[in-house]
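So for the sequence shown, my numbering puts the first residue at 7; every next one is plus one.
Note that CB positions come from ideal geometry on N, CA and C, so glycine has one too.
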Amino acid sequence: MSNIDGWFAPLPRSEGMAANTALVLVSDPRAAVAATLILQEMGYTVDLGSEPGYALRWLRRARYDVILAAGPAVSTVGFASRLREAASDARVLVLADRRLREGDLGAMGIELLPLPVDVNALVACLQPPA
Numbered sequence: 007m008s009n010i011d012g013w014f015a016p017l018p019r020s021e022g023m024a025a026n027t028a029l030v031l032v033s034d035p036r037a038a039v040a041a042t043l044i045l046q047e048m049g050y051t052v053d054l055g056s057e058p059g060y061a062l063r064w065l066r067r068a069r070y071d072v073i074l075a076a077g078p079a080v081s082t083v084g085f086a087s088r089l090r091e092a093a094s095d096a097r098v099l100v101l102a103d104r105r106l107r108e109g110d111l112g113a114m115g116i117e118l119l120p121l122p123v124d125v126n127a128l129v130a131c132l133q134p135p136a
């Protein structure tokens, strides 16, 4: 375990670890647990972040295949831009209401899933291409 300013997460991924990794950065605890369980069921190793600032610092050291972000602090174009900068290779999904424009995010290579998110829609979105 590594402690970065009070935020705990496993050490960055190395050879031999799970092929699919995800960071769940969701402010609502119930939604965070639900997203974590869905991702784990799909074969992802999941880290859970609760503080956006700490998560951004962590992303400069760790690598994730998928980042799932939701909540008032992370559902902004500014934070999405910082996520993209910190995790340039990750697939970033932001769960937010329609006030956040898809065009703004799409230009950064970030996907918007409008709220409320249906579990089946989330699973379908995360399925690998056939």
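In chain order, each beta strand (DSSP E) run of at least 3 residues that lies wholly inside the segment 64-111: 72-76 and 97-102
Given a threshold of 16 other Cβ atoms within 10 Å of its Cβ, counted over all protein chains shown, does Ser-81 qualify as buried or as exposed? Numbered from its first residue, the sequence shown carries residue 81 at position 75. Buried, because 16 or more other Cβ atoms sit within 10 Å of the Cβ of Ser-81.
Around the Cβ of Val-55, are there at least 16 other Cβ atoms within 10 angstroms (buried) or fewer (exposed)? Within the sequence shown, the letter at position 49 stands for residue 55. This sequence places Gly at residue 55; Val is not what is there. The residue is buried, with at least 16 neighbouring Cβ atoms inside 10 Å.
Check each candidate in Arg-36, Asp-95, Leu-101 and Asp-53 and name the one with the smallest Cα separation from Ala-76. Your numbering for residue 76 matches position 70 in the sequence shown. Among Arg-36, Asp-95, Leu-101 and Asp-53, the Cα nearest to that of Ala-76 belongs to Leu-101.
Assign Leu-89 to one of two classes, buried (16 or more other C-beta atoms within 10 Å of its C-beta) or exposed (fewer than that). As a working mapping, residue 89 is identified with position 83 in the sequence shown. Buried is the call here.
Give the DSSP bridge partners of Thr-42, in chain order. Counting from 1 along the sequence shown, the entry for residue 42 is found at position 36. Bridge partners of Thr-42: none, in fact.
Where the alpha helix (DSSP H) containing Val-125 begins and where it ends: Counting from one through the sequence shown, the residue named residue 125 turns up at place 119. From DSSP, the alpha helix (DSSP H) with Val-125 extends over 125-132.
To the nearest angstrom, report how far apart Ala-79 and Asp-34 are at their CA atoms. As a position in the sequence shown, residue 79 is number 73, starting the count at 1. As a position in the sequence shown, residue 34 is number 28, starting the count at 1. Answer to the nearest angstrom: the Cα atoms are 11 Å apart.
Using C-beta distances below 8 Å, list every residue in its chain close to Asp-124, excluding the 5 sequence neighbours before and after it, in chain order. Within the sequence shown, residue 124 is the residue found at index 118, counting from 1. Taken in chain order, the list of residues that qualify is empty.
What does the alpha-carbon distance come out to for the pair Met-48 and Val-129? Against the sequence shown, residue 48 aligns to sequence position 42. Against the sequence shown, residue 129 aligns to sequence position 123. So the two alpha carbons sit approximately 8 Å from each other.
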